[in-house]
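Per the numbering used here, the very first residue in the sequence shown carries number 3; after that it's consecutive.
Yeah, the Cβ is synthetic: ideal placement off N, Cα and C, and Gly gets one too.
Below is one structure; the comments refer to it alone.
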Amino acid sequence: MTMTDRKEINQRIALFERATALFGRFGSLIPTVIAFLNKWPSEVELYPHWQVGESWKLFLSLYLYWFAWLALGRAISFAKGSVEP
């Protein structure tokens, strides 16, 4: 691998890292906005009622986006490790 290839890969990894940081900061807004645009839940219910209502979908989607952010962070760390000489 030449230096120009390594530099290009490092630039792409840096761009991906910035996108992941933005996703980590604002990613939880995506399921929240989708939930309120779909008109659920209008109020967050606590345990015994949340199983019957729709608020469990909001919490599930927030956790899925959080796990996706963690996976993106791990992918970046593996990519940086594979480029190091």
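Where G26 and V85 are concerned, what is the direct C-alpha to C-alpha distance, given to the nearest angstrom? For the purposes of this step, residue 26 is taken as residue 24 along the sequence shown, with counting starting at 1. For the purposes of this step, residue 85 is taken as residue 83 along the sequence shown, with counting starting at 1. For G26 and V85, the distance between alpha carbons rounds to 24 Å.
When we look at the beta-carbon of T22 and count the other beta-carbons within 10 Å, is it buried (16 or more) or exposed? On the sequence shown, residue 22 is found 20 positions in, with the first residue counted as 1. Label assigned to T22: buried.
Assign A37 to buried or exposed, taking buried as 16 or more other Cβ atoms, counted over all protein chains shown, within 10 Å of its Cβ. Working through the sequence shown from its first residue, we reach residue 37 at position 35. Answer is buried; the Cβ neighbour count reaches 16.
Could you tell me the boundaries of the alpha helix (DSSP H) in which N12 lies? Reading the sequence shown from its first residue, position 10 is the one you call residue 12. First-last of the alpha helix (DSSP H) with N12: 5 to 28.
On a Cα-Cα basis, can you pick out the residue from F18, I11, K59, F61 that is closest to A2? With the chain covering 3 to 87 only, the question about residue 2 has no answer from this structure.
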